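First the structure, in the form of structure tokens, and then the observations on it.
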Amino acid sequence: KKEVKSKDEL
Amino acid sequence: MNVFRLAGDVSHLVAIIILLLKIWRSRSCAGISGKSQLLFALVFTTRYLDLFTVYISAYNTIMKVVFLALSYATVYLIYMRFRNTYDSENDSFRVEFLLVPVIGLSFLEHYAFTPMEVLWTFSIFLEAVAIMPQLFMITKTGEAESITTHYLFFLGLYRALYIANWVWRYHTEGFFDQIAVVSGVVQTIFYCDFFYLYVTKVVQGRSKMSLP
Numbered sequence: 065k066k067e068v069k070s071k072d073e074l
Numbered sequence: 014m015n016v017f018r019l020a021g022d023v024s025h026l027v028a029i030i031i032l033l034l035k036i037w038r039s040r041s042c043a044g045i046s047g048k049s050q051l052l053f054a055l056v057f058t059t060r061y062l063d064l065f066t067v068y069i070s071a072y073n074t075i076m077k078v079v080f081l082a083l084s085y086a087t088v089y090l091i092y093m094r095f096r097n098t099y100d101s102e103n104d105s106f107r108v109e110f111l112l113v114p115v116i117g118l119s120f121l122e123h124y125a126f127t128p129m130e131v132l133w134t135f136s137i138f139l140e141a142v143a144i145m146p147q148l149f150m151i152t153k154t155g156e157a158e159s160i161t162t163h164y165l166f167f168l169g170l171y172r173a174l175y176i177a178n179w180v181w182r183y184h185t186e187g188f189f190d191q192i193a194v195v196s197g198v199v200q201t202i203f204y205c206d207f208f209y210l211y212v213t214k215v216v217q218g219r220s221k222m223s224l225p
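Residue numbers (the numbering used here), protein chains in the order written: chain A, 65 to 74; chain B, 14 to 225.
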């Protein structure tokens, strides 16, 4: 299962 | 945060400000694709919904708000304030040809099937192709004012710097965001042809970029 990435990039 | 990422964000900001100032100072949006700018406003809107759900950093929040505000200001200038200068005749790219595949792809490929994640993925895919109406317009009219090409240069530079940022992050922290990286690379490729023309025509002192 794919992991939700942290969205620190713009 | 690393130097590539910061330089990338600054390039992105510079690009947006160049475009906004060009329209404001010349009181005209001639040669600018309103459709591309509408798509970018949609990109920021769907990507930054997390402004309401998670706090990452002051930098992150401020930049998101600035990008949103500037993109809406650009759309306002093109479609409302200087609408009479908008070249709708040549801004004839069929946006549905981008939106339909991008919506479809974001339903197929995402990190989680939740509204926020699908909309984030949609924004990533849409950003990759959002410049196409602008590039199409330049191809159609066969020329672009140098200020418009500076805008495109900084937008392309931002993408290239983000790739450097991902290479850096992969090596230093093992970070790899497949969706962002793949569509980011695709997006950067769209600028390659333009970069070549920019360096050979605009940098060498022509006021306008004419296509060969």
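Beta carbons are placed, not taken as given, at the ideal position from N, Cα and C, and that holds for glycine. Bear in mind the structure is a predicted one, so any value in this text is a computation, not a measurement.
Could you pull the DSSP bridge partners for residue i from this structure?
{"i": "S223/B", "result": "E156/B"}
Against chain A, does residue i count as a neighbour if the rule is that its beta carbon must be under 8 Å from one of theirs?
{"i": "F65/B", "result": "no"}
{"i": "A173/B", "result": "no"}
{"i": "E186/B", "result": "no"}
{"i": "A193/B", "result": "yes"}
{"i": "I137/B", "result": "no"}
{"i": "I30/B", "result": "no"}
{"i": "E158/B", "result": "no"}
{"i": "F69/B", "result": "One detail in the question is off: residue 69/B reads as Ile in this sequence, not Phe. By this cut-off, I69/B is an interface position."}
{"i": "D100/B", "result": "no"}
{"i": "D104/B", "result": "no"}
{"i": "D206/B", "result": "no"}
Which residues in chain A sit within 8 Å of residue i, going by Cβ to Cβ distance?
{"i": "N73/B", "result": "D72 and L74"}
{"i": "Y124/B", "result": "K66, E67, V68 and K69"}
{"i": "W133/B", "result": "K71"}
{"i": "K77/B", "result": "L74"}
{"i": "E130/B", "result": "V68"}
{"i": "D22/B", "result": "L74"}
With C-beta atoms as the reference, is residue i less than 8 Å away from residue j?
{"i": "I192/B", "j": "E102/B", "result": "no"}
{"i": "F167/B", "j": "A28/B", "result": "yes"}
{"i": "L174/B", "j": "F17/B", "result": "yes"}
{"i": "S46/B", "j": "D104/B", "result": "yes"}
{"i": "L62/B", "j": "M129/B", "result": "yes"}
{"i": "V108/B", "j": "L32/B", "result": "no"}
{"i": "T98/B", "j": "A43/B", "result": "yes"}
{"i": "D74/A", "j": "M76/B", "result": "Just to set this straight, residue 74/A is Leu in the shown sequence, not Asp. Yes. Within cutoff."}
{"i": "L224/B", "j": "T162/B", "result": "no"}
{"i": "S196/B", "j": "A141/B", "result": "yes"}
{"i": "F138/B", "j": "S119/B", "result": "yes"}
{"i": "Y171/B", "j": "G21/B", "result": "yes"}
{"i": "K48/B", "j": "P146/B", "result": "yes"}
{"i": "S143/B", "j": "V79/B", "result": "Note on residue identity: the sequence assigns Ala, not Ser, to residue 143/B. Taking 8 Å as the Cβ cut-off, A143/B and V79/B do not qualify as a contacting pair."}
{"i": "G155/B", "j": "F208/B", "result": "no"}
Using a Cβ cut-off of 9 Å, pull out every chain A residue sitting near residue i, in sequence order please.
{"i": "F80/B", "result": "L74"}
{"i": "I36/B", "result": "Chain A residues near I36/B: none, gap ~23 Å exceeds 9 Å."}
Complete alpha helix (DSSP H) runs within the region 56-106 of chain B (minimum length 4 residues, chain order): 71-89
Entirely enclosed beta strand (DSSP E) segments - the region 111-170 of chain B, minimum 3 residues: 156-158
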